[in-house]
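Residue numbers (our numbering): -2 to 317. Encoded as structure tokens, the structure appears first; notes follow it.
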Ligand code: UDP
């Protein structure tokens, strides 16, 4: 997102406490302020000094099983700190707020059809609830104050910048495409497929994998939408069709040329069978036109980034 904003000639300030991220991931043209979004004095200072016009709120914890084990940690990091950030924006008069929400607000879709924004909101984890509570705060704060917002509900984000400038770098990642590309590059001895007895054509779960660059574009269009219309928006970010776990594994094997070991194991607790977006709204409202709706491209960019990370971690800068 930072690269996209810089490419568009915007001025960008990043606030990050670097709990899971890295300072090297921030482009040199952006200002990095190391700090916590829950620190209202710090945030107020940044908003005032730079006359900030829009906040993109990406800061949050995202691992569903972790949220089940540490619900209060998730409500602190995702909900309480979001409240602090929203309040700082209201106080400073920031007009636009774009929030990273999640398909987890829906819980398990009733009928496995693509899920639309007006479906019932029944999160099944503290993670999903923590994000839904932030959506609710934004709704109410925007009704009371001169603030407008977009909540973008992400489906399964994957891939990396096609230009190779950035990609997923968090340690101990658990997401399927990240894990599979790491296995292909021998960073893991094998990978697991969690459950092969689901009611799907090949027995494995189906997800809607969205390329990070298309997701970023949705954010940029949401910003333009808020600037020009001032109308709040809640929208799914997915392609509207899914792939099974085994299909993903097959594509990673083909694109990498590595026949890595895959162990078929038990179901992972809490996995829904199928989660696919109905993406009509974002296409209509933002004229969003995905450019990377292609699993081979997603996987290729993820593999390229994983290889670049290897070079970074073994190169001259690796001691930093
Ligand atoms: N998955 C898997 N092996 C892995 C990681 C994930 O089989 O090492 C499966 C997981 O059970 C789910 C799908 O891949 O069915 C997507 O999981 P991921 O954690 O990437 O995203 P989620 O949909 O849970 O947010």
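Heads up, the beta-carbon is just placed ideally off N, CA and C, and yes, glycines get one too. Since we're looking at a predicted model, the values are computed, not measured.
Which term fits residue i, buried or exposed, when burial requires 16 or more other beta carbons within 10 angstroms of its beta carbon?
{"i": "residue 310", "result": "exposed"}
{"i": "residue 156", "result": "buried"}
{"i": "residue 317", "result": "Because the pLDDT of residue 317 is 40, which lies under 50, any placement of that residue in the model is unreliable, and the number read from its coordinates should be weighed accordingly. By the 10 Å Cβ count, residue 317 comes out exposed."}
{"i": "residue 46", "result": "exposed"}
{"i": "residue 222", "result": "buried"}
{"i": "residue 315", "result": "Residue placement at residue 315 is poorly supported in this model, since its pLDDT is 49, which falls under 50; the coordinates are not used for a value here."}
{"i": "residue 114", "result": "buried"}
{"i": "residue 15", "result": "exposed"}
{"i": "residue 196", "result": "exposed"}
{"i": "residue 171", "result": "exposed"}
{"i": "residue 107", "result": "exposed"}
{"i": "residue 99", "result": "buried"}
{"i": "residue 224", "result": "exposed"}
{"i": "residue 19", "result": "exposed"}
{"i": "residue 75", "result": "buried"}
{"i": "residue 238", "result": "exposed"}
{"i": "residue 301", "result": "buried"}
{"i": "residue 161", "result": "exposed"}
How many whole angstroms separate the CB atoms of residue i and residue j, which I take to be in contact at a CB cut-off of 8 Å?
{"i": "residue 232", "j": "residue 149", "result": "6 Å"}
{"i": "residue 178", "j": "residue 303", "result": "5 Å"}
{"i": "residue 28", "j": "residue 11", "result": "7 Å"}
{"i": "residue 205", "j": "residue 235", "result": "4 Å"}
{"i": "residue 192", "j": "residue 263", "result": "7 Å"}
{"i": "residue 181", "j": "residue 244", "result": "About 15 Å; that fails the 8 Å criterion."}
Please indicate yes or no: does the CB of residue i lie closer than 7 Å to some heavy atom of the ligand UDP?
{"i": "residue 154", "result": "no"}
{"i": "residue 188", "result": "yes"}
{"i": "residue 142", "result": "no"}
{"i": "residue 173", "result": "yes"}
{"i": "residue 176", "result": "yes"}
{"i": "residue 257", "result": "no"}
{"i": "residue 265", "result": "yes"}
{"i": "residue 242", "result": "yes"}
{"i": "residue 49", "result": "no"}
{"i": "residue 61", "result": "yes"}
{"i": "residue 268", "result": "yes"}
{"i": "residue 53", "result": "no"}
{"i": "residue 250", "result": "no"}
{"i": "residue 19", "result": "no"}
{"i": "residue 308", "result": "no"}
{"i": "residue 202", "result": "yes"}
{"i": "residue 96", "result": "no"}
Who does residue i pair with in a DSSP beta bridge?
{"i": "residue 148", "result": "96, 231"}
{"i": "residue 136", "result": "Answer by DSSP bridge pairing: none, since residue 136 is not bridged."}
{"i": "residue 217", "result": "For residue 217, which the question treats as bridged, DSSP gives no partner whatsoever."}
{"i": "residue 286", "result": "Answer by DSSP bridge pairing: none, since residue 286 is not bridged."}
{"i": "residue 305", "result": "Partner(s): none; residue 305 has no beta bridge."}
{"i": "residue 189", "result": "260"}
{"i": "residue 164", "result": "157"}
{"i": "residue 13", "result": "31"}
{"i": "residue 112", "result": "274"}
{"i": "residue 208", "result": "155"}
{"i": "residue 203", "result": "241, 271"}
What are the start and end residues of each continuous beta strand (DSSP E) run of 3 or more residues lying completely inside the stretch 230 to 281, in chain order?
Under the rule that a run must span 3 or more residues, the beta strand (DSSP E) segments found entirely inside the stretch 230 to 281 read 230 to 234, 259 to 262.
Ignoring anything shorter than 3 residues or poking outside the stretch 26 to 107, list the beta strand (DSSP E) runs there in chain order.
Qualifying beta strand (DSSP E) stretches, in chain order: 28 to 31, 51 to 54, 93 to 99.
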